[in-house]
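Trainee: Below you will find the structure I want to go over with you.
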Amino acid sequence: MNQPVTELDTALRTRDLSVWYGDTQAVKHISLEIPRNRVVAFIGPSGCGKSTLLRCFNRMNDLIPAARVGGEVNFRGQNLYDDDVDPVEVRRRIGMVFQKPNPFPKSIYENVAFGLRINGFKGDLSEQVERSLRAAAIWDEVKDRLQDSALGLSGGQQQRLCIARALAVEPEILLMDEPASALDPIATSRIEDLIEDLKNEYTIVIVTHNMQQAARVSDYTAFLYIGELIEYGDTERLFTNPSEERTEQYITGRFG
Amino acid sequence: MSLQDERFEPRLARRRRNGKIFQAVCLSSIAFSIAMLIILLFDVAKDGAAWFSFDFITSFPSRIPDRAGVKPAILGSLWVMMLVAAISFPFGVGAAIYLEEYAPKGRVRRLIQTNIANLAGVPSIVYGILGLAIFVRFFGFGRSILAGAATLALLVLPVVIIAAQEAIRAVPSSLREAAYGVGATRWQVVRHHVLPVAMPGILTGMILSLSRAIGETAPVILVGALAFVAFTPTGPMDLFTVLPIQIFNWTARPQAEFHGLAAAGIIVLLIVLLMMNATAILLRNYYQSRRGG
Amino acid sequence: MSQTDPDLKRRAGRRVGEGLIAGLLFTCGLVSVLTTIGIVVVLVTESAGFFRQVPLVDFLTGTQWSPLYTDQQFGILPLLNGTLMIAVGAMVLALPIGLTSAIYLSEYASKRVRGIVKPLLEILAGIPTVVYGYFALVFITPVLRAVFPGAGVYNAASGAIVVGIMIIPMVASLSEDALSAVPRSLREAAYGLGATKFEVSTRVAVPAALSGIAASFILAVSRAIGETMAVTLAAGATPRMTLNFLESIQTMTAYIVQVSLGETPHGSLEYKTIFAVGLVLFLITLAMNLLSNRITTRFREAYE
Chain A
116 MNQPVTELDT
126 ALRTRDLSVW
136 YGDTQAVKHI
146 SLEIPRNRVV
156 AFIGPSGCGK
166 STLLRCFNRM
176 NDLIPAARVG
186 GEVNFRGQNL
196 YDDDVDPVEV
206 RRRIGMVFQK
216 PNPFPKSIYE
226 NVAFGLRING
236 FKGDLSEQVE
246 RSLRAAAIWD
256 EVKDRLQDSA
266 LGLSGGQQQR
276 LCIARALAVE
286 PEILLMDEPA
296 SALDPIATSR
306 IEDLIEDLKN
316 EYTIVIVTHN
326 MQQAARVSDY
336 TAFLYIGELI
346 EYGDTERLFT
356 NPSEERTEQY
366 ITGRFG
Chain B
1132 MSLQDERFEP
1142 RLARRRRNGK
1152 IFQAVCLSSI
1162 AFSIAMLIIL
1172 LFDVAKDGAA
1182 WFSFDFITSF
1192 PSRIPDRAGV
1202 KPAILGSLWV
1212 MMLVAAISFP
1222 FGVGAAIYLE
1232 EYAPKGRVRR
1242 LIQTNIANLA
1252 GVPSIVYGIL
1262 GLAIFVRFFG
1272 FGRSILAGAA
1282 TLALLVLPVV
1292 IIAAQEAIRA
1302 VPSSLREAAY
1312 GVGATRWQVV
1322 RHHVLPVAMP
1332 GILTGMILSL
1342 SRAIGETAPV
1352 ILVGALAFVA
1362 FTPTGPMDLF
1372 TVLPIQIFNW
1382 TARPQAEFHG
1392 LAAAGIIVLL
1402 IVLLMMNATA
1412 ILLRNYYQSR
1422 RGG
Chain C
318 MSQTDPDLKR
328 RAGRRVGEGL
338 IAGLLFTCGL
348 VSVLTTIGIV
358 VVLVTESAGF
368 FRQVPLVDFL
378 TGTQWSPLYT
388 DQQFGILPLL
398 NGTLMIAVGA
408 MVLALPIGLT
418 SAIYLSEYAS
428 KRVRGIVKPL
438 LEILAGIPTV
448 VYGYFALVFI
458 TPVLRAVFPG
468 AGVYNAASGA
478 IVVGIMIIPM
488 VASLSEDALS
498 AVPRSLREAA
508 YGLGATKFEV
518 STRVAVPAAL
528 SGIAASFILA
538 VSRAIGETMA
548 VTLAAGATPR
558 MTLNFLESIQ
568 TMTAYIVQVS
578 LGETPHGSLE
588 YKTIFAVGLV
598 LFLITLAMNL
608 LSNRITTRFR
618 EAYE
């Protein structure tokens, strides 16, 4: 297991992180570091805990009553799971894009503005909305119909809108939980191009069940298996010359 | 979090506080409803306890409060309920079977379905007006138990149909397919395979609609149930009264003793309702556990 | 095959039997249609007789309703006024309480709390309306008169309050259904942006469920308009044009009860008022129910 981030700045670090759903342990004592302004991919067969791990980073697991978290997630010098940390504050700084596009049944403008309004954005709302839509590479397609319902967009457009919505509140880290799995290949490739652009400003962690996507898009890849971190390192090296046998088996399609 | 952000002013403390206030408001709404329920039941129990006795149940109403009772009302209600069940069960279940098993999926089926849904929303007093014109006058039943029962049967029919439909729909199609597969006719499939499985759900729906019918007052007034009945009914064509009307009659009198009598009558009515609903729930749970467990 | 296998042909007797049964069942299905037709025919034909004697315009615009007195006046506006006062008053009570109850049950309550509160609300919904009438006279009216000494023994406010209590469960349960139908992913998206539970509930879930909530409101109003026994007992028998909730009034439904209880001869003009007023009542509630349906179906696709 290689930790790649010795020279780079760390955006987020987990230490002995575990998650239990009732009696089942879904994530087992994982320690890793997410480097700043890079794309890290979590891969592994279904049920390996990669989504669960991702959701620890913005405390979304809090929403599941049966979930229990142990260990630490360190962000900006603080353990996110300390008692005095408010998850609402965490989530503005660590944003999330979900597997199935989930725009609000509101207008395109209001979708992006929502996060700004509740978080008390002090600048020009419309300007920020435009900036976010541009950053998500969807401005040109929607600039003339900002008041139209977001539900009228295609799947790929909706997902880019959701990305814009997440970017609007200026997070440091963007978590993406299989963002393209519900989309067609063309829309998928647009999202992948977008990720490439976004990493200049944001740190991105992406969960994907598509290995080729991980290989295309990420700088570092972590391979998880039944809740454990098996291998973590430079993407190119991991895919061409993995250190662990299970990693190699997964990559060559022996299981999962 | 340590860092302050110039672009955003999240005002978390204020938002959290608003959230707590809102939660308190919501909770007080629920508390209000529950409080009203408790006060209502408490008032009824307090006012009626003194008047509730065996004599009360077995006596006729009287101008003298001490001697008044609900016997004719109880018997009237029983008669009416039996007839309502006898009328609404075949028509209700028949309609449900037709809609679920026989009717082709098309305009006719949708029309009947929407119609039933709309009927469920018609005020009960309108059913009373219908019953007055059709059963009392046109069919000539007069102000009889039969007229009252027929009117109430029409009132609860939509509820029976919808409940029976749901029960029939819940029968897995694999059961039907197996029966058709061995060459059964449609009616045979329904009668021997679908209905037995759906029957608990149907019965539950029946009991719930009867418990609705037994508390109805307005349609029965329209149909001419009497306020003061000094005899017990012996047949479906007799004049009659029902428990809610007796309660209404006593409540409308200004003297306090009659309010006590009304409360005692309410106790009787609520006990009957409790028993009916408990039966329905037990029935549902028993068959649900048998099927699912 | 040149010869048809006799066993494969449907036996004629069985076919007739099946046909008969299908026909019988169809008849059962027709009963509901006949009921609707019956209601319409009865109300319209008897009202036609009424309107031959009382001009429709007088009926719809007159402000005096006194069919049972020597100076007969047939203006329905006082009855409409009374009905509206009850409906509006009931909604002012039931809408906020019902909706906030629904939000709590849907967004905040634990399974255990929900398991206790929902049955209690169902009990509230299952109590016969005559019992609510009793409750109004015995509890609501005295309390009201203690707070407002000018209130009459019979007054619109008591009726409105008790009808409001009666329909809270309806608003709560239908609104909660609407809220539950909002997909979880929408709430997750809002939480992901750093929203509090209060904001997720009120700015995402409720707006997304709005059509279902609106439909539930309309159905509840319709129910309040059709309510009879509680208002008969508590709100009074004085048809009048007023906005003063402390006075006694009369609703359309209470009037119909009043006439039925009296010894009004069949076929007389007074008797026919039952049908004329009943027709108005039926049309209003029908319109509201149709509107509620329309809203539900028209906006149902609005989530995804």
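Chains as they are written, first to last, in this note's numbering: chain A, 116 to 371; chain B, 1132 to 1424; chain C, 318 to 621.
Glycine is no exception: its CB is placed at the ideal position from the N, C-alpha and C atoms.
Model, not experiment: these values are computed from the prediction.
1) Go through its chain and collect everything with a Cβ distance to residue 1132 of chain B's Cβ below 6 Å, but skip five positions before and after it.
2) Return yes when the Cβ of residue 283 of chain A is within less than 7 Å of the Cβ of residue 327 of chain A, no when it is not.
3) Could you run through the stretch 191-203 of chain A and flag, in chain order, every residue whose CB is less than 8 Å away from some CB of chain B?
4) Does any CB atom of chain C fall closer than 7 Å to the CB of residue 1132 of chain B?
5) Note down, in chain order, every chain C residue with its Cβ under 8 Å from the Cβ of residue 284 of chain A.
6) Thinking residue 1296 of chain B and residue 1231 of chain B are a contact (beta carbons under 8 Å), I'd like their distance in whole angstroms, please.
7) With H, G and I counted as helix, E and B as strand and the rest as coil, what does DSSP make of residue 335 of chain A?
8) Taking CB distances under 7 Å as the criterion, tell me whether residue 234 of chain A reaches chain B.
9) How would you call residue 642 of chain C, buried or exposed, if buried means at least 16 neighbouring beta carbons within 10 angstroms?
10) Would you mind sorting residue 1320 of chain B into buried or exposed? The rule is 16 or more other CB atoms within 10 Å of its CB.
11) Identify which residue in B:1289, B:1214, B:1277 and B:1270 has its Cα closest to the Cα of residue 1250 of chain B.
12) Is residue 506 of chain C close to chain A? Criterion is C-beta to C-beta, closer than 7 Å.
13) At least one CB of chain B closer than 7 Å to the CB of residue 258 of chain A: is that the case?
14) What span of residues does the beta strand (DSSP E) with residue 289 of chain A cover, start to end?
15) On a CA-only basis, which of A:324, A:227 and A:182 is nearest residue 506 of chain C? Give me that one, please.
16) Along chain A, in chain order, which residues have C-beta atoms closer than 8 Å to that of residue 516 of chain C?
17) Where do the ends of the alpha helix (DSSP H) carrying residue 1087 of chain B lie?
18) So which residues of chain B does residue 398 of chain C contact, with C-beta pairs closer than 8 Å?
19) At a CB-CB cut-off below 9 Å, which residues of chain A make contact with residue 503 of chain C?
20) Any beta carbon from chain A within less than 7 Å of residue 1139 of chain B's own beta carbon?
21) Can you give me, in chain order, the residues of the stretch 1147-1160 of chain B that have a beta carbon less than 7 Å from any beta carbon in chain C?
22) In the DSSP output, what is residue 193 of chain A paired with across the bridge?
23) Does residue 1142 of chain B get closer than 7 Å to chain A when you measure Cβ to Cβ?
24) Between the stretch 536-566 of chain C and chain A, which residues of the former have a C-beta closer than 8 Å to a C-beta of the latter?
25) Buried or exposed for residue 474 of chain C, please, with buried defined as at least 16 other CB atoms from any protein chain shown within 10 angstroms of its CB.
26) In whole angstroms, what separates the C-alpha of residue 448 of chain C from that of residue 359 of chain C?
27) Kindly indicate which residue of A:281, A:347 and A:192 has the alpha-carbon position closest to the one of residue 358 of chain A.
28) Using the beta-carbon count (16 or more within 10 Å), is residue 392 of chain C buried or exposed?
29) Starting from residue 1248 of chain B and walking both ways along the beta strand (DSSP E), at which residues does that stretch end?
30) Enumerate in chain order the residues of its own chain whose CB-to-CB distance from residue 383 of chain C is below 6 Å, with the five nearest sequence positions on each side excluded.
31) Please return the same chain residues whose Cβ sits closer than 7 Å to the Cβ of residue 1337 of chain B, not counting the five positions on each side in sequence.
32) Against residue 207 of chain A, what residues of chain C qualify as contacts under a CB-to-CB distance less than 8 Å, listed in chain order?
33) Name the residues in the stretch 451-481 of chain C whose C-beta lies less than 7 Å from a C-beta of chain B; which are they?
34) Between which two residues does the alpha helix (DSSP H) holding residue 1177 of chain B run?
35) Figure out for me which residue from C:496, C:467 and C:486 has the closest Cα to the Cα of residue 565 of chain C.
36) List the residues of chain B that residue 238 of chain A touches, going by C-beta distances under 7 Å, in chain order.
Mentor: In short:
1) Stepping through the second sequence from its first residue, residue 1132 of chain B is reached at position 1. Confidence is the limiting factor: at residue 1132 of chain B the pLDDT is only 43, short of 50, which leaves the residue's position unreliable, though a coordinate-based value still follows. So the list is empty, once near-sequence residues are dropped.
2) By one-based count along the first sequence, residue 327 of chain A stands at place 212. By one-based count along the first sequence, residue 283 of chain A stands at place 168. No, the Cβ-Cβ distance between residue 327 of chain A and residue 283 of chain A is not below 7 Å.
3) 191, 192, 193, 200, 201 and 203
4) The residue given as residue 1132 of chain B occupies position 1 in the second sequence. For residue 1132 of chain B, the predicted structure reports a pLDDT of 43, less than 50, and the residue's modelled location is therefore unreliable. A value from the coordinates is still provided. Not closer than 7 Å to any Cβ of chain C, the Cβ of residue 1132 of chain B fails to qualify, so no.
5) Position 169 of the first sequence, counted from the first residue, corresponds to residue 284 of chain A. 510 and 511, listed in chain order.
6) As a working mapping, residue 1296 of chain B is identified with position 165 in the second sequence. As a working mapping, residue 1231 of chain B is identified with position 100 in the second sequence. Indeed, because the Cβ distance is near 6 Å, the residues count as touching under 8 Å.
7) Counting from one through the first sequence, the residue named residue 335 of chain A turns up at place 220. Here residue 335 of chain A sits in strand by DSSP.
8) Position 119 of the first sequence, counting from 1, holds the residue named residue 234 of chain A. Taking Cβ atoms only, chain B reaches closer than 7 Å to residue 234 of chain A, which makes this a yes.
9) Lying before the first or after the last residue shown, residue 642 of chain C is absent from chain C, which here runs from 318 to 621.
10) Indexing the second sequence from 1 puts residue 1320 of chain B at position 189. Flag for residue 1320 of chain B reads buried.
11) Against the second sequence, residue 1250 of chain B aligns to sequence position 119. Considering only alpha carbons, the answer is B:1289.
12) Position 189 of the third sequence, counted from the first residue, corresponds to residue 506 of chain C. Judged by the 7 Å Cβ criterion, residue 506 of chain C is in contact with chain A.
13) On the first sequence, position 143 is the one that residue 258 of chain A refers to. Residue 258 of chain A does not count as touching chain B.
14) Against the first sequence, residue 289 of chain A aligns to sequence position 174. From DSSP, the beta strand (DSSP E) with residue 289 of chain A extends over 288-292.
15) Position 189 of the third sequence, counting from 1, holds the residue named residue 506 of chain C. For residue 506 of chain C, the nearest C-alpha among the options comes from A:227.
16) Against the third sequence, residue 516 of chain C aligns to sequence position 199. Result: 233.
17) The structure shown has nothing for residue 1087 of chain B, since chain B only spans 1132 to 1424.
18) Stepping through the third sequence from its first residue, residue 398 of chain C is reached at position 81. Those within 8 Å of residue 398 of chain C in chain B number zero; the least Cβ separation is about 18 Å.
19) Residue mapping note: residue 503 of chain C aligns to position 186 of the third sequence, counting from 1. Those within 9 Å of residue 503 of chain C in chain A are 217, 218, 219 and 220.
20) As a working note, residue 1139 of chain B is residue 8 in the second sequence. Chain A, which has a Cβ nearer than 7 Å to the Cβ of residue 1139 of chain B, makes this yes.
21) 1147, 1149, 1150, 1153, 1154, 1156, 1157, 1158 and 1160
22) What you label residue 193 of chain A is simply residue 78 of the first sequence in a count that begins at 1. Per DSSP, A:190.
23) Start at 1 with the first residue of the second sequence, and residue 1142 of chain B comes out as number 11. Yes - at least one Cβ of chain A is within 7 Å of the one on residue 1142 of chain B.
24) none
25) Here residue 474 of chain C corresponds to residue number 157 of the third sequence, with the count starting at 1. When all chains shown are included, residue 474 of chain C counts as buried.
26) As a first step, residue 448 of chain C is located in the third sequence; it is residue number 131 there, counting from the start. As a first step, residue 359 of chain C is located in the third sequence; it is residue number 42 there, counting from the start. Roughly 30 Å separates the two Cα atoms.
27) By 1-based counting over the first sequence, the position of residue 358 of chain A is 243. Minimum Cα distance to residue 358 of chain A is reached at A:347.
28) The residue labelled residue 392 of chain C in the question sits at position 75 within the third sequence. Counting Cβ neighbours within 10 Å, residue 392 of chain C comes out buried, since at least 16 surround it.
29) By 1-based counting over the second sequence, the position of residue 1248 of chain B is 117. Unbroken run through residue 1248 of chain B is the alpha helix (DSSP H), 1238-1250; no beta strand (DSSP E).
30) Taking the first residue of the third sequence as position 1, residue 383 of chain C is located at position 66. Result list for residue 383 of chain C: 390, in chain order.
31) For this step, residue 1337 of chain B is matched to residue 206 along the second sequence. These residues qualify, in order along the chain: 1216, 1220 and 1291.
32) Position 92 of the first sequence, counted from the start, is the residue given in the question as residue 207 of chain A. Going along chain C in sequence order, the residues near residue 207 of chain A (Cβ under 8 Å) are 510 and 511.
33) 451, 452, 454, 455 and 456
34) For the purposes of this step, residue 1177 of chain B is identified with residue 46 of the second sequence, where counting begins at 1. Here the alpha helix (DSSP H) through residue 1177 of chain B covers 1143-1180.
35) Residue mapping note: residue 565 of chain C aligns to position 248 of the third sequence, counting from 1. It is C:467.
36) The sequence position of residue 238 of chain A within the first sequence is 123, counting from 1. Per Cβ cutoff of 7 Å: 1138.
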